[in-house]
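Start counting the sequence shown at 1; every next residue gets the next number (UniProt numbering).
For glycine and all other residues, C-beta sits at the position ideal for the given N, C-alpha and C.
Only a predicted model underlies this, so the values are computations on that prediction, with no experimental measurement involved.
Read the structure below first, then the notes.
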Amino acid sequence: MASNTCAAGSGGSDLRRQAVWATYDAMKTSEILCIGSVLWDVIGRAPNAMRLGADVPGRITRLPGGVALNIAMTLRRFGLVPALLSAVGVDAEGEELVARCDQMGLITQHIYRSDDLPTDVYMAIEGANGLIAAIADAHSLEAAGDKVLRALSDGRLGSIDAPYSGIIALDGNLTESLLSQIAISPLFAAADLRVAPASPGKAERLLPLLTHPRATLYVNLEEAVILTKEPYPDAASAAAGLIARGAARVLVTDGGNSCAEGMACAGVITATPPQVLVTRVTGAGDTFMAAHIVATRKAVSRQEALNRAITAAADYVSGDIGT
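Here you go:
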């Protein structure tokens, strides 16, 4: 392999060259793409319950994040090698973020790097009573538009004549216009699409993909209500409602309450998460989605896949899985 021909010199350029080729070799066996937000998560966490306007002591962290990257990091923990398609600036924040992704073994060479767009950032406040507030600044990803998809059309990952046929995880930080294009694009016609809205505020962006025959939607109860404009008492009824509106497969979570998976012509199943002490919230849904993807790749039963996903999410929010 080409990576074995790199000189093992002591210089940084030699080490960097080896890392690039190692990533290239890994790319050729990757079967999962993560398309969407790759950014910095700035999270303030307090150990006590908080109310609007609270000013309390706590901890502030900055970590690699974004829906697509959170999913990719979880997939990597399960031993898979995802490729990222996103937009990241060439500013200092972007250089550091891409370097961190490289260190984790993620494939980054298909990320669109822009000279005039800053690296995106997500900011959240969490208390013992859950997420208090959050702002997602994903304007650079939105501005990049379909530039983030170039590798799917120019032959690097696929083309019109030979579209990508593996699993693609999409997140709702992409614009509704771009998601609408994806819903009808021949570049995605052979893919197994796994779709998440990113937040309730962006749930309606998924409407073009709701009835896509190859799409699986991962939403929480609030997002299911937004998508269907119907109230639901629980995840099971929400899953049934989404299937009735033409979805092929959906997974609906509801915090610590029972979650559900629904499939057209196969009904709805449910599972109840284990009770754990919640130490963090941001990224839990992405962990659930990634764990379910891994389980379905192993061809386990629907119930087992759902059980594995809720267990992974519970481990994450309890702090048993590191960031």
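Spell out a yes or no on whether the region 130-141 and the region 69-77 are touching, meaning 3 or more CB-CB pairs, one atom from each, closer than 8 Å. Fewer than three beta-carbon pairs drawn from the region 130-141 and the region 69-77 are found closer than 8 Å, and the two stretches are therefore not classed as touching.
When the Cα of Val317 is compared with those of Val294, Gln181 and Pro274, which residue comes out closest? With respect to the C-alpha of Val317, the residue from Val294, Gln181 and Pro274 having the closest C-alpha is Pro274.
Span separating the alpha-carbon of Gly94 from that of Val268: Approximately 42 Å between the Cα atoms of the pair.
What residue does the alpha helix (DSSP H) around Gly285 start on, and which one ends it? Ala284 to Arg297 is the extent of the alpha helix (DSSP H) around Gly285.
With DSSP collapsed to three states, give me the class of Asn257. Note: Asn257 maps to strand in three-state DSSP.
Sequence ranges, beta strand (DSSP E) only - wholly within the region 132-191, length at least 3: Counting whole runs of 3 or more residues, the region 132-191 contains the beta strand (DSSP E) stretches 167-171.
Can the beta-carbon of Gly246 be found closer than 8 Å to that of Thr228? Not a contact, by the Cβ cut-off of 8 Å.
Quick one: what does DSSP say Glu31 is sitting in, helix, strand or coil? Three-state result, Glu31: coil.
Ala189 to Ala215, Cα distance in whole Å? Inter-residue distance for Ala189 and Ala215 is about 10 Å (C-alpha atoms, whole angstroms).
Please determine, among Ala238, Tyr112, Ile125 and Ile293, the residue with the shortest C-alpha to C-alpha distance to Gly262. Closest option to Gly262, Cα to Cα, is Ala238.
Hey, Ser177 and Ala144 are a contact pair by Cβ (cut 8 Å); roughly how many whole angstroms apart? The pair is not a contact, with the Cβ atoms about 12 Å apart (cut-off 8 Å).
Taking only the alpha-carbon atoms, compute the straight-line gap between Gly53 and Thr282 and give it to the nearest angstrom. One C-alpha to the other measures close to 20 Å.
Nearest by alpha-carbon distance to Ile32: which of Val195, Val90 and Asp315 is it? Taking Ile32 as reference, the option from Val195, Val90 and Asp315 with the minimal CA-CA separation is Val195.
Minimum C-alpha distance to Leu277 - residue among Leu251, Asn48 and His110: Restricting attention to Leu251, Asn48 and His110, the CA atom closest to the CA of Leu277 is found in Asn48.
Could you check if Asp171 is buried or exposed, using at least 16 other CB atoms within 10 Å of its CB as the buried criterion? Buried, by the Cβ-count rule.
Please state the DSSP three-state secondary structure of Leu84. Strand at Leu84.
Are the CB atoms of Thr287 and Ala236 within a distance shorter than 8 Å? A distance of 8 Å or more separates the beta carbons of Ala236 and Thr287.
Within the same chain, show all residues whose beta-carbon is closer than 6 Å to that of Asn264, passing over the 5 residues directly before and after it, in chain order. Per the sequence shown, residue 264 should be read as Ala rather than Asn. The residues are Ile243 and Ala248.
Buried or exposed: which applies to Ala92, given that a residue is buried once 16 or more other Cβ atoms fall within 10 Å of its Cβ? Classification of Ala92: exposed, given that the 10 Å Cβ count is below 16.
From the DSSP output, read off the bridge partner residues of Asp41. When DSSP reads this structure, Asp41 sits in a beta bridge with Leu63 and Tyr122.
Is the region 250-261 touching the region 161-170, taking contact as three or more C-beta pairs under 8 Å? Verdict: no, contact absent.
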